[in-house]
Amino acid sequence: MTKAALAWLASFRLRILFRTSFLLLALAVLAMAVAVLQEEKQRSYDNYQTNVAKTKEQIVARLRHPAGQLALLNPPRGNGAAVAGRPVVLPYSAIDFDDQSKVRNAVEMAGCLVQYKRHGSLCVAIGNNPWAGGYIYAAGTFASGALVPHVIGDEQLDGAHRLRVTVSLRGETYRWLAPFEPLPGKVLRAEGVRGRFTGYVEREGSNYKGARPVREFRGWVWQGGRCLDAAKDDDIGDCARKSFFSLRLPVDALREALFRERKPQWPPPDLDQFRVRIEVLAPGDGAVIFDSDEPGAVPPFSLNDLTGLLLPGETLAIHKAGATHDIVQLSGKEDGAEPSSPLITRLISRLPVASYDAPVEFADEIATPLGSYRLLLKGDARSVNKTLAAVATRVSWFVGAMLLAIALAWLVMEIGIVRRIALLTRRTRGLSQTVHTDGGLERFDLADLRGGDELGILATGLDDLLRRVKEDAERERIRAGQEKDMWHAVGHEIMSPLQSLLALHGASDDPSHRYIQRMQQAVRILYGSASPSEAFASSSISVQALDLARFLQNVADNAGIADIVCTGVAAPLPVRADEYPLEDVFAHILKNADRYRRPGTPITLRLDSSESTATVSIHNVGPQIAEDFIERIFEYGVSDQAEAGAHGNRGQGLFVARTYMAKMGGTVTARNEGDGVSFVLTLQRARG
Numbered sequence: 000m001t002k003a004a005l006a007w008l009a010s011f012r013l014r015i016l017f018r019t020s021f022l023l024l025a026l027a028v029l030a031m032a033v034a035v036l037q038e039e040k041q042r043s044y045d046n047y048q049t050n051v052a053k054t055k056e057q058i059v060a061r062l063r064h065p066a067g068q069l070a071l072l073n074p075p076r077g078n079g080a081a082v083a084g085r086p087v088v089l090p091y092s093a094i095d096f097d098d099q100s101k102v103r104n105a106v107e108m109a110g111c112l113v114q115y116k117r118h119g120s121l122c123v124a125i126g127n128n129p130w131a132g133g134y135i136y137a138a139g140t141f142a143s144g145a146l147v148p149h150v151i152g153d154e155q156l157d158g159a160h161r162l163r164v165t166v167s168l169r170g171e172t173y174r175w176l177a178p179f180e181p182l183p184g185k186v187l188r189a190e191g192v193r194g195r196f197t198g199y200v201e202r203e204g205s206n207y208k209g210a211r212p213v214r215e216f217r218g219w220v221w222q223g224g225r226c227l228d229a230a231k232d233d234d235i236g237d238c239a240r241k242s243f244f245s246l247r248l249p250v251d252a253l254r255e256a257l258f259r260e261r262k263p264q265w266p267p268p269d270l271d272q273f274r275v276r277i278e279v280l281a282p283g284d285g286a287v288i289f290d291s292d293e294p295g296a297v298p299p300f301s302l303n304d305l306t307g308l309l310l311p312g313e314t315l316a317i318h319k320a321g322a323t324h325d326i327v328q329l330s331g332k333e334d335g336a337e338p339s340s341p342l343i344t345r346l347i348s349r350l351p352v353a354s355y356d357a358p359v360e361f362a363d364e365i366a367t368p369l370g371s372y373r374l375l376l377k378g379d380a381r382s383v384n385k386t387l388a389a390v391a392t393r394v395s396w397f398v399g400a401m402l403l404a405i406a407l408a409w410l411v412m413e414i415g416i417v418r419r420i421a422l423l424t425r426r427t428r429g430l431s432q433t434v435h436t437d438g439g440l441e442r443f444d445l446a447d448l449r450g451g452d453e454l455g456i457l458a459t460g461l462d463d464l465l466r467r468v469k470e471d472a473e474r475e476r477i478r479a480g481q482e483k484d485m486w487h488a489v490g491h492e493i494m495s496p497l498q499s500l501l502a503l504h505g506a507s508d509d510p511s512h513r514y515i516q517r518m519q520q521a522v523r524i525l526y527g528s529a530s531p532s533e534a535f536a537s538s539s540i541s542v543q544a545l546d547l548a549r550f551l552q553n554v555a556d557n558a559g560i561a562d563i564v565c566t567g568v569a570a571p572l573p574v575r576a577d578e579y580p581l582e583d584v585f586a587h588i589l590k591n592a593d594r595y596r597r598p599g600t601p602i603t604l605r606l607d608s609s610e611s612t613a614t615v616s617i618h619n620v621g622p623q624i625a626e627d628f629i630e631r632i633f634e635y636g637v638s639d640q641a642e643a644g645a646h647g648n649r650g651q652g653l654f655v656a657r658t659y660m661a662k663m664g665g666t667v668t669a670r671n672e673g674d675g676v677s678f679v680l681t682l683q684r685a686r687g
């Protein structure tokens, strides 16, 4: 890369630095966001696998509980909605319905109770062992006042609290009416009341004269001694108390089916078609205290309730070991998905994470009294992307705000600083080029960049400096014009008497004629141009063969300077030179040598030659030239005398000498020697 190109590039350094810094900052924000997304995706995927495994463990734990086994033994049918009064298969072979604690623990552990309003509940079930008898069990609770018993021997049953039980299955309907009969013995109200429900086949009307109880119908009831309303006294007889009952209902159709086949099918395949309704009737024509067909019942736990444990995209399939079809297949509900950006979604889907492509599946097996059930829980890793995309979309507003802040900061610096730097640089570069090419300065103005900040202060200083430079340049132009006019006038005034002298000394053999012609040539060169330096630089030289030995002898004789010793001039030595300019060269150098030589010492001119050049050494004894000044003495206007101008010395003698020597193809140099200074002039020898 060239030096000019490097200089041009350096002028953009600050702008490149500013813009690159903001670009890198924006890229760093984006890279940080992508890195965080990738890390969050990996973490979310790992957490998702862990959560799916935990979900599987929760499901297995619930299904291994009696309530879970009850749900396995009674999978959802039809639309999956639980039906009140439909018998369920218990995870037990039978219920010890005579013992309150055992039956209560059995139904509560199994979780088969359907909950009703006003402290009501009911569990209708069959055992999982067909040889326990073809019975339907019912147990539950209801709230009522103190139970009114049926008096033994009373043929009217409506004077007591009673149960009405209706069982419908396989086209048959069984109806029983069971009044409450207390057990004999002392009744302590604080401990509650215990009795039984004696079942009779229901008749039309309330007269059950001659009716005999159904032997296989068994029912028990236990009423607590405490009022449900804690504010009431437990001794008040009419406060509501909670009663728990258990029933064993004999169903002839079920018992007959058990002995009809060698290996009966149990549970019955049409169990979901069975219906059991239980009503608790108050004495007389009072309202029904409890009705299992009352709407608003809350069903027990079922397999459908496992859906709440599944996340969107997860599926749970359960089938019985050896079966080819699933008894239930559940899917996580798709909740209202948060909006996500398609661009962010695609970005997240492309971010690589470890083991992302591996399927998320967990299997297990649950043993029940009626066989083993296998479950398969499948997760969907794409849900991780959806969830993360929704979160990332929300967070993207913050990333966008950061990028916007960076863009605004860049815009502020671009307009407030970089643009002004660019203008200042461009105008300064143009000003520099204008100064170097001697162009006009009027078109450069920095007034619009002035201000109170750092750049404004800099622009103000440059503008003031430029204004002063313009004023100085204008003054210099006026002075140079006046000086040029003065030089032209002086030259005109000098040329007139020189013409007169030339007429007086017109003879060619007159020695003065030659010097008058030299004076005319010098006047034409000096006063015919804009400045002396331009005059000497633009002067023309007529180079021809010149006998340098004879020329040196003539210079020594006619220089008007005493004690000039000339050596080496015995034989002619032709060189290529112009006589008049070369004589000016020697005149200026000899004048300097005479000025600086030690009084009483000569000036020595020594002529030497080689095959191609001739060398003249002009030596004077005196003070030496400073080493750092020895080359500068040949520059125009340079003099070692502080008052050179006052003595007529403008510092142009040695400049003229080097200029003329260069035009004649020669050189002139100065060097310090032991006792003084020598000027060495070299010219090309003439051939032929």
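Per the numbering used here, the very first residue in the sequence shown carries number 0; after that it's consecutive.
Heads up, the beta-carbon is just placed ideally off N, CA and C, and yes, glycines get one too.
Small disclaimer: the values here were computed from a predicted structure and weren't measured.
Where residue i falls, given that 16 or more other Cβ within 10 Å makes a residue buried
i           : result
residue 384 : buried
residue 78  : The predicted model places residue 78 with a pLDDT of 49, which falls under 50 and marks its position as unreliable; any figure quoted below should be read in that light. Exposed: under 16 other Cβ atoms inside 10 Å.
residue 676 : buried
residue 32  : buried
residue 436 : Only weak support exists for where residue 436 lies, its pLDDT of 49 falling under 50; the coordinates are left without a value.
residue 227 : exposed
residue 264 : exposed
residue 673 : exposed
residue 290 : buried
residue 273 : buried
residue 80  : Unreliable positioning characterises residue 80 in this predicted model, as indicated by a pLDDT of 43, which lies under 50. A coordinate reading is not provided.
residue 16  : exposed
residue 760 : Lying before the first or after the last residue shown, residue 760 is absent from the chain, which here runs from 0 to 687.
residue 386 : buried
residue 655 : buried
residue 55  : buried
Given residue i as reference, the closest of the options once Cα atoms are compared
i           : options               : result
residue 689 : 283, 315, 548 and 635 : The requested residue 689 is not part of the displayed model; the chain covers only 0 to 687.
residue 592 : 566, 290 and 623      : 623
residue 566 : 554, 576 and 127      : 554
residue 547 : 301, 681, 344 and 386 : 681
residue 281 : 142, 465, 351 and 387 : 142
residue 221 : 199, 248 and 180      : 180
residue 288 : 376, 372, 115 and 211 : 115
residue 151 : 118, 99 and 212       : 212
residue 612 : 343, 543 and 685      : 685
residue 18  : 594, 609, 405 and 557 : 405
residue 633 : 669, 614, 605 and 43  : 669
residue 135 : 323, 218, 301 and 475 : 218
residue 168 : 106, 559 and 86       : 86
residue 715 : 351, 607, 83 and 460  : In the structure as shown, the chain starts at 0 and stops at 687, and residue 715 therefore has no counterpart that could be examined.
residue 14  : 421, 160 and 196      : 421
residue 597 : 562, 568 and 606      : 562
residue 574 : 410, 550 and 560      : 550
Residue i - partner residues in DSSP beta bridges
i           : result
residue 176 : 163 and 199
residue 134 : 249
residue 688 : One cannot answer for residue 688 here, as it falls past the ends of the chain, which runs 0 to 687.
residue 618 : 603 and 677
residue 171 : 168
residue 143 : 240
residue 658 : DSSP lists no partner for residue 658.
residue 684 : 574
residue 92  : Looking at the DSSP assignment, residue 92 forms no beta bridge with any residue, so it has no partner.
residue 120 : 114 and 140
**Request:** Quick one: which unbroken alpha helix (DSSP H) runs of 4-plus residues sit fully inside the stretch 297-373? Chain order, please.
**Result:** 341-349
**Prompt:** So, do the stretch 576-587 and the stretch 655-667 have three or more beta carbon pairs nearer to each other than 8 Å?
**Reply:** yes
**Prompt:** Which ranges would you report for the alpha helix (DSSP H) in the stretch 207-287 if only whole runs of at least 4 residues count?
**Reply:** 251-259
**Asked** Is the stretch 362-375 touching the stretch 19-36, taking contact as three or more C-beta pairs under 8 Å?
**Response** no
**Prompt:** Between the stretch 85-92 and the stretch 119-133, do three or more beta carbon pairs fall short of 8 Å?
**Reply:** yes
**Request:** Give, in chain order, every unbroken run of the beta strand (DSSP E) that is at least 3 residues long and sits entirely within the stretch 364-423.
**Result:** 370-378
**Request:** Would you be able to state if there are at least three C-beta pairs under 8 Å between the stretch 293-306 and the stretch 136-154?
**Result:** no
**Request:** Tell me, please, whether the stretch 397-408 touches the stretch 339-348 by the rule of three or more beta-carbon pairs shorter than 8 Å.
**Result:** no
**Asked** Per the contact definition of three or more C-beta pairs closer than 8 Å, is the stretch 93-110 in contact with the stretch 309-329?
**Response** no
**Asked** What are the complete alpha helix (DSSP H) segments, minimum 4 residues, inside the stretch 11-65?
**Response** 12-63
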